[in-house]
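Written out below as structure tokens is the structure these notes cover.
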Ligand code: ADP
Ligand code: ZN
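Numbering (this note's numbering), first residue to last: 1 to 206.
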């Protein structure tokens with residue numbers, strides 16, 4: 001876990017990534033770091049990729065416990081580049097997994113010019129496979145925190161996003177983003193995570 005004073009030696013920027021499953025507390029942790037930066041009188045800007053429209057709406061970073069800070073909705077890293085003020089010292093970005101790969105270049109150039117960049121995102125999709133630009137962001141970050149939720153089936157630490165369509169585990173080949181369906185997500189551990197077809201293929205391989 002990063003300490004707020006750890007990098008206080010000079011003007012250099014850096015990249016922090018907060019990753020983990022849904023409900024693992026990524027937004028809570030991002031909000032905590034943003035709040036502390038504001039208390040320390042840093043100039044902070046917060047962005048949120050708005051494919052996810054949860055609870056408080058797209059103009060706030062909301063956590064499941066109801067706390068929130070204001071955020072600007074964006075679709076692309078390019079929009080962030082255009083909106084960041086030269087004097088901004090901390091840039092926080094939530095739901096980074098939905099952004100295109102150029103987020104890696106943007107985070108790198110912001111850090112190189114002295115900005116603290118905090119990115120939060122789900123690192124694996126419902127299949128348990130790497131999600132969008134997250135693997136590259138994890139590789140270029142100075143600091144990485146991987147958070148866990150509680151498996152809703154067995155109570156162990158959860159590291160997987162269980163996708164349910166009509167209450168049943170979503171098949172491996174169902175589309176990653178589905179509009180207008182009765183889908184939901186649960187936090188589960190590896191053992192309780194179910195992805196039909198992938199599981200059948202693996203059994204066949206053994
Ligand atoms: P994330 O951004 O990772 O999706 P949030 O910060 O929005 O997570 O929410 C985390 C909160 O979700 C927890 O503090 C808890 O109140 C709630 N929660 C709901 N389901 C679970 C679960 N299965 N395990 C842990 N926390 C959960
Ligand atoms: Zn489990």
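Where a beta carbon is used, it is the ideal one built from N, C-alpha and C, also for glycine. The structure presented is a predicted model; accordingly, all values stated were derived computationally and were not measured.
Contact annotation: residue 18 and residue 83 have beta-carbon atoms that are not nearer than 9 angstroms. If you look at residue 120, you'll find it isn't in any alpha helix (DSSP H); it sits in the beta strand (DSSP E) that goes 116-121.
Within 8 angstroms of the C-beta of residue 20 there is not a single heavy atom belonging to the ligand ZN.
Classified as buried, residue 48 has 16 or more neighbouring CB atoms from the shown chains inside 10 Å of its CB. Judged by beta-carbon spacing, residue 161 lies beyond the 9 angstroms limit of residue 44, meaning their Cβ atoms are not closer than that value.
When only Cα atoms are considered, residue 154 and residue 26 end up about 22 angstroms apart. Rounded to the nearest whole angstrom, the C-alpha separation of residue 113 and residue 171 is 44 angstroms. Between residue 30 and residue 111 the beta-carbon gap is near 17 angstroms, outside 8 angstroms, which marks them as no contact. With a cut-off of 8 angstroms, the C-beta of residue 132 is classified as distant from the ligand ADP, since no heavy atom of the ligand falls inside that distance. Boundaries for residue 156: no alpha helix (DSSP H) harbours it, and the DSSP string shows neither H nor E there.
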